[in-house]
Amino acid sequence: MSDIIEIRWHGRGGQGAKTAALLFAEAALATGKYVQGFPEYGPERMGAPVQSFNRLSDKPITLHCGITEPDFVVVLDPTLIKTVDVISGLSENGAIIINTEKSAAEMKKELNFKGRVFVINASKIAKECFGRAIPNTPMMGALVKVTNFLEINGVMDDTRKKLEKKFSRKPEIIEGNIKSIKMAYDEVSGE
Amino acid sequence: MNKKLGWKELPEGDILEAGTAKNFRTGDWRSLKPVYNAEKCIQCFICWINCPDSAILVKDGKVVGIDYDHCKGCGICAKECPPKATAITMEDEKK
Amino acid sequence: MKIAKTGNEAMAEAMRQINPDVVAAYPITPATEIVMIFSQFVADGLVDTEYVAVESEHSAMSACIGASAAGARVMTSTSSQGLALMYEMLYIAAGLRLPIIIAEVNRALSSPINIHGDHSDTMGARDSGWIQLFSENSQEAYDNMLQAVRIAEKAKLPVMVTTDGFIISHCMEVIDMLTDSDVKKFVGEYNPERFLLDVKNPYTLGAIDLQDYYFEHKMQEAEAMKNSGKIILDVAADFNKSFGREYGFFEKYKLDDAEIAIVCMGSTAGTAKVVVDELRAKGIKAGLLKPRVFRPFPYKEISDELSHLKAVAVLDRSDTFSAYGGPLFTEITSALFITRYSLPVTNYIYGLGGRDINTDALKKVFEDLLKNAASKKIENPINYIGVRE
């Protein structure tokens with residue numbers, strides 16, 4: 001299944017892990033790819049660890065099983081690392097992207113992961129760009145950079161269109177989100 | 192109503208044309224028979240309202256008698272007929 | 287137009303485009319979003335539908351029956367316990383020959399309580415006289431909804447269109463949506479021959495039938511179900527001609543020259559296609575048959591397609607607990623027997639309560655099939671996949 005990229009998102013209930021996966025799927029479609037975006041459902045509790053998933057491909061995707069060996073993992077909340085095995089099933093050829101203020105080297109050591117580890121302070125970027133520490137839009141930017149599969153301008157254009165529908169009276173929120181995607185795309189670093 | 196229809200002839204979907212109850216002569220189910228006395232009748236229409244078989248005959252806006260082809264002899268008309276009138280009384284059906 | 291939609295969104299959009307006269311529904315996980323999104327369409331004035339909020343699924347189907355008998359184009363949506371609560375009304379809808387559509391999201395039945403996808407709920411209604419269409423993905427769910435309207439109204443039978451709970455209902459995928467005007471043209475106007483609000487031609491509906499007429503009416507229902515097969519194919523042919531997407535009783539995937547094959551319904555078929563491709567790359571002649579129409583069961587057509595195989599595995603996402611194997615297995619083995627084909631057929635019950643079925647599990651089934659094909663014997667007719675000992 002090398003022609004399909006599989007992604008797992010880790011977040012906390014209410015933090016937008018599902019929204020991020022669905023937004024990312026729509027953005028990927030806008031750049032001409034085939035996509036899936038789906039959440040893992042359990043009892044819905046604010047703050048509980050949750051996961052969501054994406055598949056991306058140049059071809060139609062018929063697989064409908066769960067994702068247990070993702071190519072990429074995105075961690076929206078660094079405090080999850082202590083309680084959830086975020087690198088479970090992640091191959092050493094894969095990569096993990098973490099929203100944290102720590103360095104990639106520190107995280108690599110903490111996770112004891114041999115593959116590539118990327119970090120981005122997405123909460124800080126979000127706070128700076130649109131005033132709220134909601135990390136999912138900047139994390140999309142970082143993910144686009146690391147996966148190197150989607151075209152960043154297409155992703156930003158599509159996200160702008162989506163947000164224009166939702167925040168038509170708050171243009172600063174829209175531009176702030178778009179800015180945060182680009183900033184995270186440019187600033188994500190790893191080793 | 193003698194010949195029973197086969198499944199190919201029946202209208203589809205448990206449909207019955209309206210008004211078929213009229214063809215059923217339920218009058219012979221009766222053991223008691225209401226008898227109507229036109230002279231005592233005050234034309235209050237209470238029997239007509241209460242009859243479950245629509246068996247009170249009305250002509251030109253007036254109660255005129257009983258439809259014995261469909262009256263099952265339940266006696267509601269006689270029971271409901273106002274005491275001051277007692278225009279309907281029940282009698283044994285003569286077989 | 288290519289657009290990303292979850293299964294629930296796709297079904298709700300299909301309902302919007304169909305613009306039914308009446309929708310009566312009671313929301314239930316994982317189908318909640320279908321009526322939630324649709325009721326927003328009603329609130330926003332995007333449809334002309336009379337939306338009836340009821341207090342239970344039993345009432346939902348009752349209201350649908352009343353509205354349909356009155357002459358309206360009627361739809362609802364449910365899942366699991368909701369479909370189970372509709373049970374007695376399902377038979378009434380079918381017996382009165384009312385073309386009601388259910389967008390049904392397959393989910394396990396309690397107990398134990400579970401909200402995830404398996405086929406137990408839909409299989410419980412398999413003998414209720416409803417046409418049942420299974421969908422592999424959001425696209426098929428959308429397309430089946432549109433075709434269901436035409437099928438139901440022509441056959442004078444109710445239709446349930448199903449998707450797999452969460453696996454499809456909550457999975458965002460790329461679908462190709464038709465324009466509103468194309469859908470309007472395809473589904474057309476509903477002009478029932480008889481309807482209760484036709485006050486100039488009154489009739490009695492649902493009168494008591496005892497030993498004298500009940501059997502004849504049930505015979506009509508059986509005949510209507512049998513005849514609906516051709517209607518399903520005609521509507522599919524017209525859909526294909528109009529929009530270029532092919533549907534039939536089932537989908538064959540690399541089946542014609544296959545030696546071994548899996549038969550399964552719903553989302554698992556998509557995963558099985560990937561496994562078939564992998565095995566084909568290794569030179570193994572694997573194939574897949576995915577029934578789309580479970581009722582009426584196309585027993586002869588399916589038997590004919592399976593007859594050339596050396597071994598077949600039938601996968602059931604529900605159990606019968608006492609029949610010999612799952613419901614799809616018993617249908618297929620009896621179909622093969624009646625059509626006098628003899629080949630090794632095994633049953634695999636899987637995925638109850640949403641238990642994941644991955645490519646490795648399906649590969650294992652194909653490995654078993656290779657053994658059965660070689661030995662021409664069956665060691666274990668009934669198997670359970672992925673259950674802990």
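Protein chains in written order, with the numbering used here: chain C, 1 to 191; chain L, 192 to 286; chain B, 287 to 675.
Every residue gets a Cβ at the ideal spot worked out from N, C-alpha and C, and that includes glycine.
Proximal chain B residues relative to residue i, where beta-carbon distance stays under 7 angstroms
i       : result
K195(L) : D498
A95(C)  : Ordered by position in chain B, no residue passes the 7 angstroms Cβ test against A95(C), which lies about 23 angstroms from the chain.
F38(C)  : H456, C457, M458
A76(C)  : In the sequence as displayed, the identity of residue 76(C) is Leu instead of Ala. In chain order: nothing, as chain B lies at least about 18 angstroms away.
CB contact check: residue i to chain L, cutoff 9 angstroms
i       : result
G415(B) : no
M505(B) : yes
G639(B) : no
E439(B) : no
G352(B) : no
Among the options, nearest to residue i - alpha-carbon criterion
i       : options                            : result
L419(B) : H402(B), L443(B), I401(B)          : L443(B)
V435(B) : E653(B), L595(B), M297(B), E665(B) : M297(B)
D3(C)   : D71(C), S103(C), D77(C)            : D71(C)
E493(B) : H503(B), V460(B), V485(B)          : Before going further, note that residue 493(B) is Ala rather than Glu in the sequence given. Nearest option by C-alpha distance: H503(B).
P249(L) : C232(L), K263(L), C265(L)          : At residue 249(L) the sequence reads Val, which differs from the Pro that was named. For V249(L), the nearest C-alpha among the options comes from C232(L).
D58(C)  : K165(C), A17(C), G47(C), Q36(C)    : Q36(C)
A558(B) : M372(B), I643(B), N477(B), V445(B) : I643(B)
E545(B) : D524(B), K596(B), G530(B)          : K596(B)
Y585(B) : F536(B), P478(B), V651(B), I289(B) : F536(B)
V473(B) : L369(B), D524(B), A311(B)          : D524(B)
T83(C)  : N54(C), P49(C), K102(C), I61(C)    : P49(C)
I257(L) : N214(L), K275(L), A276(L), Y227(L) : Y227(L)
Contacts that residue i makes with chain L (C-beta to C-beta distance below 9 angstroms)
i       : result
Y489(B) : P202, I206, L207, E208, A209
G381(B) : G204, D205
D495(B) : D205
Spatial neighbours of residue i in its chain, beta-carbon cut-off 7 angstroms, leaving aside the 5 residues before and after
i       : result
F113(C) : I87, I96
Y489(B) : R480
N633(B) : V600, D602, G611, G612, F615, P667, I668, N669
C235(L) : P273
P306(B) : T335, R359, V360, M361
P60(C)  : Y34
Closer than 9 angstroms to chain B by CB, residue i
i       : result
W239(L) : no
W220(L) : no
I5(C)   : no
L90(C)  : no
L80(C)  : no
T83(C)  : no
T68(C)  : yes
Residues of its chain near residue i, where Cβ-Cβ distance is below 8 angstroms and the 5 sequence neighbours each way are ignored
i       : result
V188(C) : I97, F118, V119, I120, G141, A142, K145, V146
L332(B) : R302
N513(B) : A441
Within chain B, partners of residue i - CB distance below 8 angstroms
i      : result
V35(C) : A290, M458, E459, V460
Residues near residue i in its chain [Cβ-Cβ closer than 6 angstroms; skip 5 each side]
i       : result
C268(L) : P225, C238, C242, I279
M183(C) : I125
Q367(B) : none
Y627(B) : S589, S593
T448(B) : E390, N392, T408, F420
M1(C)   : The predicted position of M1(C) is uncertain, since its pLDDT is 44 and thus under 50; no value can be drawn from it.
V340(B) : A310, Y312, A346, A349
Contacts of residue i in chain C (Cβ-Cβ under 7 angstroms)
i       : result
F452(B) : Y41
Chain L residues whose Cβ lies nearer than 8 angstroms to that of residue i
i       : result
G357(B) : Those do not exist, as G357(B) stays about 13 angstroms from chain L at its closest Cβ, beyond 8 angstroms.
G331(B) : Here the premise fails: no neighbours, minimum Cβ distance about 34 angstroms.
K442(B) : E203, G204
One or two residues paired with residue i in a DSSP bridge
i       : result
H10(C)  : Q51(C), V75(C)
Q326(B) : Answer is none; Q326(B) lacks a bridge partner.
I4(C)   : S57(C)
Q418(B) : M446(B), R581(B)
L248(L) : G256(L)
D646(B) : DSSP, once it has assigned bridges, lists no residue as partnering D646(B).
S365(B) : V391(B)
Any non-hydrogen atom of the ligand NAD within 8 angstroms of residue i CB
i       : result
S245(L) : The model depicted lacks the ligand NAD and carries no ligand whatsoever.
Amino acids of chain B, ordered along the chain, whose beta-carbon sits closer than 9 angstroms to that of residue i
i      : result
A25(C) : A290, M458, E459, V460
L22(C) : A290, T292, M458
Min CB distance residue i to chain C below 9 angstroms
i       : result
N644(B) : yes
T557(B) : yes
P316(B) : yes
Contact list for residue i against chain L, beta-carbon separation under 7 angstroms
i       : result
G611(B) : Within 7 angstroms Cβ-Cβ: nothing; G611(B) doesn't reach chain L, min ~33 angstroms.
Contacts that residue i makes with chain C (C-beta to C-beta distance below 8 angstroms)
i       : result
S553(B) : H64
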